[in-house]
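Protein chains in written order, with numbering that gives the first Met the number 0: chain A, 0 to 341; chain B, 0 to 313. All remarks here apply to the structure that follows.
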Amino acid sequence: MGRFILHRLLIALLQLAGLTIAVFFIIRMLPADPVAQMVGLNASPEAHQQSAHMLGVDRTPLQQFANFLGVFSDTGKPGLLQGSLGTSWVTSQPIWGEIRHDLPITLQIVTYSLFVAFLIAVPLGLAAARKPGGVADRSALVWGLFAGAQPDYWWGLLFIYVFFFILNIAPAPMGQLDPLLDPPAAITGFLTIDALLAGRLDVWLSALSHLVLPVLTLVFVVSGAIVKMVRTNTLRALRSDYILYARACGLSDRIVARYALRAALTPAITLVGIFYSILLSAAVTIEVVFSLNGIGQFAVRSVLAIDYPAIQGVVLVVAIVSLFIYLLLDIVHAFLDPRVRT
Amino acid sequence: MTNDGAISESIDQHFDPAIFAAGRGPRLRRQLGRNKLLLVGCAIILLSLFLAAFGPSIAPYDPTAATPEVAVPPPGLAEWPGLLLGSIRGTNAAPPHWLGTDQSGLDVFSRIISAPRTDMTISLSGAIISCALGSLLGLLAGFTRNRATELLMRVSDVLQSFPVFILAMILVTLSGRSIGNIVIALVMVYTPIFLRLTRAEVMGQVSRSYVEAARAAGNRPAVIALKHVLPNSMVPSLVQMSVTIGFAIILTAGLSFVGAGVRPPTPEWGLMISLGAPQLILGDWWPSVFPGLAMSVVVFGYAVVGHAFEARFE
């Protein structure tokens with residue numbers, strides 16, 4: 000088990016290294032001029048040159064990469080290897096500080112959405128697998144096809160129109176808290192947890208009510224695929240030889256179902272990672288719709304401003320989150336199913 | 000969104016496998032008649048292709064020219080028959096704004112039926128080029144295993160570990176927000192999926208006896224790969240392509256939604272949703288809701304047909 004974890008960790012690190020190099024050089028190979036973006040198109044050549052020097056982009060790409068990593072740096076500032084992602088060109092703030100504030104917002108809605116989606120989708124998938132071709136199965140199929148690929152940002156807007164404008168039961172889609180409430184001190188960064196830690200029930204309720212629509216949208220988008228996955232895995236398990244054997248031995252339906260469920264859900268654990276990255280990606284547009292100011296919106300802002308250090312930082316952090324989740328789930332899977340460990 | 004292929008190994012019997020039994024007209028028609036869902040899917044795809052070809056020409060208004068009527072709501076359902084009759088007889092003073100006008104006075108209906116020209120061109124070329132490129136590279140990587148193809152796989156690994164939406168956003172914004180650059184971004188994002196699918200399939204095929212027979216008959220490796228192995232390894236990619244077209248439409252529109260796609264006033268569904276969004280909260284729902292509805296329906300059409308393909312070949 001220890002060797003398995005070490006091996007997976009090593010692969011993840013290699014992937015991260017490849018990603019770091021790729022994002023660094025891809026953004027510099029593309030024809031955008033970040034300096035002109037900062038100083039404006041009408042700036043004098045001297046001003047342009049001065050800015051380029053200040054931002055460090057007048058050096059050779061290799062020297063820039065060394066500065067980014069923090070080895071053989073000619074600026075004297077700490078780099079990636081010293082644990083610094085640099086400072087944003089737009090806000091002049093340390094990038095890690097901004098990410099540390101924005102990331103929990105995104106992780107919070109993604110985690111809640113995944114939890115709710117599984118809560119709804121697993122029973123539906125099981126019901127569909129119980130009678131293939133039945134009413135539940137057919138509706139699950141159409142639902143999976145329909146919700147499996149939908150423009151999430153449009154559904155978010157639709158929910159806002161219905162629940163905020165017409166019915167007026169949802170709060171305005173402006174951030175994650177009522178603007179009149181002051182947020183509790185950030186301990187974990189997860190607003191719903193911090194509110195409880197600070198004993199602020201009013202903040203907790205407001206945060207929850209602001210979460211309802213974004214979570215509803217993400218659940219809507221991801222649940223179809225989960226239903227389909229549970230159904231397929233359960234059907235496969237039900238048709239396997241050992242279930243046939245269990246039936247032949249005269250075990251009750253209930254016990255057989257329990258065997259099948261266990262066999263069906265173990266391989267599904269690794270797929271949770273896929274759903275997590277799907278949701279992380281979908282969260283970008285959802286955050287824009289609901290002005291949540293999470294890591295996705297930070298990514299949009301950084302890319303549109305051609306803020307090189309911020310782009311590098313956000314790609315790296317999002318990839319680390321995905322890889323970490325994959326790693327964690329692989330380990331859980333290996334723990335439950337010894338065949339995987341080899 | 001891109002990993003859907005991995006989780007959709009379906010074992011459905013809802014679609015009759017004989018649907019695509021090629022070339023038999025009456026039989027195909029009978030199958031389509033029995034499978035209403037697939038019929039709807041095919042109709043949607045045909046309509047989207049028709050609008051991509053002729054949408055801008057049949058639109059009643061210029062999709063990029065503002066009319067003086069700003070933010071006009073769509074006519075009520077009761078007025079539709081009269082307006083329709085008027086259009087046929089030619090007695091309407093001006094063509095009606097069937098779906099209203101947006102904040103700048105652009106006709107929503109004309110823009111919606113002109114948008115497939117942009118959306119379908121981008122997503123179809125993105126998906127087709129990715130499929131072609133990915134299949135060829137996958138064939139190469141599965142057929143000849145050496146340092147170069149090993150490197151190819153690692154590069155594709157790195158591309159796949161990028162967050163999809165952020166990668167597309169970076170590629171388009173930093174290389175210029177044009178249609179060609181969006182297609183290139185889609186190709187970068189989707190090619191690794193096809194590469195991996197084809198490579199896995201090719202590796203399963205090369206040990207088959209027909210490949211050995213072809214080799215024994217004295218064919219050159221390139222001929223064996225292209226003429227024998229490739230046609231036998233295309234099925235997963237073709238299934239994936241239908242799914243990818245749907246995702247490409249959503250991604251293209253998503254890019255313009257966050258301001259990293261085509262520029263206004265290009266008629267494009269995501270851009271229309273985005274331009275209408277601030278008004279939606281104030282109650283003007285039509286500039287955002289209708290384009291999203293069009294996109295939602297088209298994507299569903301591709302999903303249905305993709306599913307039928309999948310069921311047919313498994």
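The beta-carbon is built from N, C-alpha and C at its ideal position, and this holds for glycine as well. Remember, predicted model here, so these are calculated numbers, not experimental data.
Q) Just by C-beta distance, which residues in the stretch 265-283 of chain A are closer than 8 Å to chain B? A) LEU270, ILE273, SER276, ILE277, LEU279, SER280, ALA281 and VAL283
Q. Would TRP142 of chain A count as contacting chain B if we go by Cβ distances under 9 Å?
A. no
Q | Assigned exposure category for CYS130 of chain B - 16 Cβ within 10 Å defines buried | A | buried
Q) Which ranges does the alpha helix (DSSP H) cover as unbroken runs of at least 4 residues, wholly within the stretch 157-189 of chain B, from first to last along the chain? A) 163-174
Q. Does ARG153 of chain B have its Cβ less than 9 Å from a Cβ in chain A?
A. yes
Q: Return the first residue and the last residue of the alpha helix (DSSP H) that ASN91 of chain B is part of.
A: Taken as a continuous stretch (DSSP letters only), ASN91 of chain B belongs to no alpha helix (DSSP H), as it is neither H nor E.
Q: Check whether the stretch 302-316 of chain A touches the stretch 80-94 of chain A, counting contact only when three or more Cβ pairs, one atom from each stretch, lie closer than 8 Å.
A: yes
Q. PRO55 of chain B by DSSP, collapsed to three states: which one?
A. helix
Q: Determine the DSSP secondary structure at PRO308 of chain A, reduced to helix, strand or coil.
A: helix
Q) When you compare each of B:TYR60, B:ARG195 and B:SER295 to ASP118 of chain B by their alpha carbons, which one comes out closest? A) B:SER295
Q: Please list the partners that ALA116 of chain A has in chain B, where partner means a Cβ-to-Cβ separation under 8 Å.
A: Within chain B, no residue comes near ALA116 of chain A; the closest Cβ sits about 13 Å away, beyond 8 Å.
**Q.** Residue-level contact to chain B via CB, ILE344 of chain A, 9 Å cutoff
**A.** Absent from the structure is residue 344 of chain A, since the part of chain A shown begins at 0 and ends at 341.
**Q.** chain A within 9 Å of HIS96 of chain B, Cβ atoms only
**A.** no
Q.
ALA247 of chain A and GLN14 of chain A - do their beta-carbons sit closer together than 9 Å?
A. no
Q) Counting pairs of beta carbons, one from the stretch 170-179 of chain A and one from the stretch 134-146 of chain A, are three or more of them closer than 8 Å? A) no
Q: Please state whether DSSP places ASP151 of chain A in a helix, a strand or coil.
A: helix
Q. Cβ atoms of VAL257 of chain B and VAL287 of chain A: under 9 Å apart, would you say?
A. yes
**Q.** Secondary structure of LEU335 of chain A, DSSP reduced to three states
**A.** helix
Q) Does DSSP put THR86 of chain A in a helix, a strand or coil? A) strand
Q | the stretch 133-164 of chain A: positions lying closer than 9 Å to chain B by Cβ | A | ASP136, ARG137, LEU140, VAL141, GLY143, LEU144, PHE145, GLY147, ALA148, GLN149, PRO150, ASP151, TYR152, TRP153, TRP154, LEU156, LEU157, ILE159, TYR160, PHE163 and PHE164
Q) Under a CB-based cut-off of 9 Å, is LEU18 of chain A close to chain B? A) yes
(Q) Distance cutoff 9 Å, beta carbons only. Does GLN14 of chain A sit that close to anything in chain B? (A) yes
Q.
On a Cα-Cα basis, can you pick out the residue from A:ARG2, A:THR19, A:GLU97 and A:LEU180 that is closest to GLY188 of chain A?
A. A:GLU97
Q. Whose CA, out of B:ASN145, B:ALA93 and B:GLY175, lies closest to the CA of GLU68 of chain B?
A. B:ALA93
Q: Determine whether the Cβ of VAL205 of chain A lies closer than 9 Å to any Cβ atom of chain B.
A: The sequence shown places Ser at residue 205 of chain A, not Val. Output row for SER205 of chain A: interface = no.
Q) Alpha carbon to alpha carbon, how far is ALA199 of chain B from PRO235 of chain B? A) 10 Å
Q: For THR216 of chain A, name the three-state secondary structure that DSSP assigns.
A: helix
Q.
Nearest by alpha-carbon distance to SER301 of chain A: which of B:VAL303, B:GLY217, B:ARG214 and B:ILE169 is it?
A. B:ILE169
Q. Got a sec: is the Cβ-Cβ distance from LEU260 of chain A to anything in chain B below 9 Å?
A. no
Q | Straight-line gap, LEU150 of chain B to SER208 of chain A (C-alpha atoms, nearest Å) | A | 49 Å
**Q.** Where the alpha helix (DSSP H) through GLN36 of chain A begins and ends
**A.** 33-38
Q) Which residues, in chain order, does the stretch 29-44 of chain A contribute to contact with chain B at a C-beta distance below 8 Å? A) LEU29, PRO30 and ALA31
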